[in-house]
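Heads up: the structure comes next, in C-alpha cells.
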Amino acid sequence: MYRPRQESTDRSWVFGSPEIEADLKPLCRRVEAEFDLPADKFCRYFADSDDPCLVGNPRLGHHFRGFHATVAARNTLPRYLFDCFFFPLEMFILREKSPTFEEMVAFDTLIYIRQNTCNDKTGLVECYAHELQHLVQRKRTPRLHAVNGVLYENLKRLEPTTTVVDIPTEREANIVSKRVAESVCGVEAVTVFADAQAQLMEKIGEYEQRDRWIFFRDTPSSTPFNLLDATLPLVQKHKAVLEFGMDVSADRWWVGPLPKDKTDSD
Numbered sequence: 001m002y003r004p005r006q007e008s009t010d011r012s013w014v015f016g017s018p019e020i021e022a023d024l025k026p027l028c029r030r031v032e033a034e035f036d037l038p039a040d041k042f043c044r045y046f047a048d049s050d051d052p053c054l055v056g057n058p059r060l061g062h063h064f065r066g067f068h069a070t071v072a073a074r075n076t077l078p079r080y081l082f083d084c085f086f087f088p089l090e091m092f093i094l095r096e097k098s099p100t101f102e103e104m105v106a107f108d109t110l111i112y113i114r115q116n117t118c119n120d121k122t123g124l125v126e127c128y129a130h131e132l133q134h135l136v137q138r139k140r141t142p143r144l145h146a147v148n149g150v151l152y153e154n155l156k157r158l159e160p161t162t163t164v165v166d167i168p169t170e171r172e173a174n175i176v177s178k179r180v181a182e183s184v185c186g187v188e189a190v191t192v193f194a195d196a197q198a199q200l201m202e203k204i205g206e207y208e209q210r211d212r213w214i215f216f217r218d219t220p221s222s223t224p225f226n227l228l229d230a231t232l233p234l235v236q237k238h239k240a241v242l243e244f245g246m247d248v249s250a251d252r253w254w255v256g257p258l259p260k261d262k263t264d265s266d
C-alpha cells in the first residue's frame with residue numbers, strides 16, 4: 001500500500017525526506033519569487049513515489065506531471081492528500097466546542113508534484129510554475145478560471161481537434177511557466193527539456209501530449225496573452241450547449257467572486 005512520508009516540520013511543504021527538501025525547496029522558492037502570489041496559504045506536496053490511485057485517474061491522465069486542487073475537491077483525493085488540507089485533529093482535543101469546518105482548514109489549495117517530475121530540475125521548475133499560475137488564475141480571476149474548467153472538461157467533445165493548449169488557462173500557464181523556467185534554469189535547458197518531451201511523446205504515440213510540448217517549445221515566452229480575450233469567444237460559441245455555472249450572458253459576467261453555489265474543484 002502506498003505510504004507517503006512527511007518529514008518536514010512546516011506542513012505547507014511536504015517532502016519524502018530532509019535530503020529531498022534541501023535539494024528542491026530552494027529551487028521552488030526561486031520559482032515563487034517570479035510570481036506575485038495571493039496571500040492565501042497553500043500546501044505543496046512533492047511525491048517520492050508513484051501513487052497508483054493518481055496514475056490511474058483518467059481525469060489526470062497517465063502522463064500527468066502535477067496538479068492543483070482546492071479543498072472543495074478533497075473527497076476525490078487519497079486520504080493522505082485529503083489530510084493535507086486540515087490542521088491535525090489533536091489541535092482541537094482540549095476544546096470545549098467542536099471546531100467549525102473553517103477552523104479546521106489549514107490550506108485551501110494543494111499543489112501536488114509527481115515523483116518523476118521532481119527528478120528533473122528543469123521539469124520541476126516548469127511544472128511548479130505551471131501549477132502556481134493556475135493558483136493565481138483561480139484567486140485573481142475566479143470566474144474565468146471556473147468557465148475554463150468547464151471548457152477543459154468538454155471542449156474536446158465539441159471540437160474533436162482541440163488540444164489542451166486550446167484551453168485559455170492552459171495556454172497562459174504554458175507561456176508563463178516557460179518564462180519562469182527560462183529565468184530560473186536558462187533558455188537552453190528549457191528548450192532541451194521541451195524537445196525531449198516532444199520526442200518522447202512522439203515515440204510512444206501520445207500525439208496530443210506531443211503537440212502540447214511542441215507548443216511549449218516553439219512559443220516564445222514573451223508572447224503576449226490576455227486570458228479574458230481568449231476565453232470570451234469560446235464561451236460565446238458554446239454557451240448554448242454548456243452549463244458554465246453562472247449567467248455568462250450577463251454584462252461583465254467575468255467580474256467578481258464565484259456564485260455561492262458554484263464550487264471550484266480544480
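Residue 1 is where the sequence shown starts when you use the working numbering, and the numbers rise one by one after that. All C-beta atoms, glycine included, are put in the ideal place defined by N, C-alpha and C. Just so we're clear, the structure is a prediction, and the values are computed from it rather than from any experiment.
Can you look up residue i in the DSSP assignment and give me helix, strand or coil?
i      : result
Ile175 : helix
Val187 : helix
Val255 : coil
Val248 : coil
Val105 : strand
Lys203 : helix
Asn119 : coil
Glu327 : An answer regarding residue 327 cannot be provided, because it is not within the stretch 1 to 266 covered by the chain.
Asp195 : helix
Glu131 : helix
Lys260 : coil
Identify, in the order they occur along the chain, each residue of the same chain with its Cβ nearer than 6 Å to the Cβ of residue i, setting aside the five sequence neighbours on each side.
i      : result
Glu172 : Phe225 and Leu227
Leu155 : Thr162
Arg30  : Val184
Please return the same chain residues whose Cβ sits closer than 7 Å to the Cβ of residue i, not counting the five positions on each side in sequence.
i      : result
Glu19  : none
Thr223 : Ile175
Ser221 : Ile175, Lys178, Arg179 and Glu182
Leu60  : Leu54 and Phe67
Evaluate residue i with the Cβ neighbour count: other Cβ atoms within 10 Å of its Cβ, from every protein chain shown; 16 or more gives buried, anything less gives exposed.
i      : result
Gly66  : buried
Asp210 : According to the sequence as given, residue 210 is Arg; it is not Asp. It is buried - the Cβ of Arg210 has at least 16 other Cβ atoms within 10 Å.
Thr163 : buried
Pro168 : buried
Thr122 : buried
Gln133 : buried
Ile175 : buried
Arg138 : buried
Lys178 : buried
Leu81  : buried
Gln197 : buried
His62  : exposed
Leu158 : exposed
Met95  : Residue identity check: residue 95 is Arg in the sequence provided, not Met. Its Cβ having fewer than 16 others within 10 Å, Arg95 is exposed.
Met201 : buried
Asn75  : exposed
Val187 : exposed
Gly56  : exposed
Start and end of the alpha helix (DSSP H) containing residue i?
i      : result
Leu234 : Leu227 to His238
Leu216 : Per the sequence presented here, residue 216 reads as Phe, with Leu not at that position. Element bounds for Phe216: Tyr207 to Asp218.
Once you ignore the five residues that flank residue i on each side, which residues in its own chain have a CB closer than 8 Å to its CB?
i      : result
Pro78  : Tyr2, Asp51, Cys53 and Leu54
Ser183 : Glu34
Start and end of the beta strand (DSSP E) containing residue i?
i      : result
Thr109 : Thr109 to Ile113
If we require 3 or more residues per run, which beta strand (DSSP E) segments fall completely within the stretch 13-90?
Complete beta strand (DSSP E) runs here, min 3: 43-46 and 66-70.
Ranges of the beta strand (DSSP E) found wholly within the stretch 133-183, counting only runs of at least 3
none
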